[in-house]
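Each remark here refers to the structure printed beneath this line.
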Amino acid sequence: MWSVNDYFDHEFDGDVESQADEIVNEAKNKITDLIYESVKSEIEQDRQNYERAKERADELQKECYEKSEKINTLEIELKRTKEELKRKDKEIPQTPFALGDEVWVPYRKYGDKGEIKCPTCNGEGYITALTDAYGTLKCVCPHCHNDWGKTKAEYDKYSIERRYIKSINIFTDKAKEARFDYGTIEDKSNLEVKDYHYVNTVTHVYSTKEEALKKAQEWENESKKKAEEKIFGEKK
Ligand SMILES: [Zn+2]
């Protein structure tokens with residue numbers, strides 16, 4: 354009959370057994386130490402890596418902060434430059450005249466009109482003819498037919514006067530061109546007075562009499578031409 358005891362060496366020495374235990378334990382301890390050392394150094398490595406990474410992260414964060422500071426400064430500068438450019442557009446343009454300047458101004462004369470008359474009837478609307486049989490006859494003018502606005506036409510006369518600039522208005526027209534008009538007064542002593550009662554605003558002012566006269570004549574001629582067209586226009 355087979356017994357389990359057959360497998361064991363009953364002669365096995367107890368001392369040998371304890372010696373083996375010692376060897377195993379020693380080996381176990383060595384392995385444990387080895388693992389411990391290795392893990393320890395790995396942890397140390399990790400710690401150093403972590404420190405380095407943290408330092409780098411701090412550096413990057415600082416750099417990032419500095420750069421964003423720079424960006425902010427640049428943005429502020431850019432904004433300021435843009436505003437300056439915008440303002441440049443609105444800057445007050447140079448006027449050819451200054452406050453207080455003596456100038457010559459062409460103006461339309463009120464109550465002094467020129468007249469163009471029908472050349473046939475001299476603006477009467479009728480012509481008279483002396484006949485043997487009937488004496489003097491009055492006939493409707495064959496040229497203007499005594500039509501309203503055809504017998505006579507008025508035109509404006511212009512003159513010039515010396516004035517002084519009391520105020521200057523600057524504005525832009527549709528083409529965004531700078532335009533000026535001038536508040537002028539007749540009496541130089543009123544330049545300092547805070548009274549705008551006698552201020553006449555005009556757009557055409559000249560530094561010389563001659564220039565002003567030229568303009569006055571130009572305006573008068575234009576007006577006269579229109580009157581002549583009314584009277585002679587249909588002759589063409
Ligand atoms: Zn006539």
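If you're matching positions, the sequence shown starts at 354 in this note's numbering and goes up one per residue. We treat Cβ as the ideally placed atom computed from N, Cα and C, and that holds for glycine.
Take the alpha-carbon of residue 487 and the one of residue 580: they are about 37 Å apart. A direct Cα-Cα distance of roughly 24 Å separates residue 519 from residue 567.
Distance from the CA atom of residue 569 to the CA atom of residue 524, rounded to whole angstroms, is 25 Å.
In this chain, the beta strand (DSSP E) harbouring residue 524 covers 505-525. Shortest Cα-Cα distance from residue 536 to any of 461, 544, 529 involves 544.
For residue 468, the secondary structure class from DSSP, reduced to helix, strand or coil, is strand. The Cβ atoms of residue 456 and residue 560 sit closer than 8 Å to each other. Judged by DSSP in its simplified three-state form, residue 585 adopts helix. Of all C-beta pairs linking the stretch 431-439 to the stretch 472-484, fewer than three are shorter than 8 Å, placing the two stretches out of contact. In the DSSP assignment, residue 533 is bridged to 523. A direct Cα-to-Cα measurement between residue 405 and residue 411 gives close to 10 Å. At a cut-off of 7 Å, the beta-carbon of residue 557 does not count as near ligand 1: no heavy atom of the ligand is closer than that.
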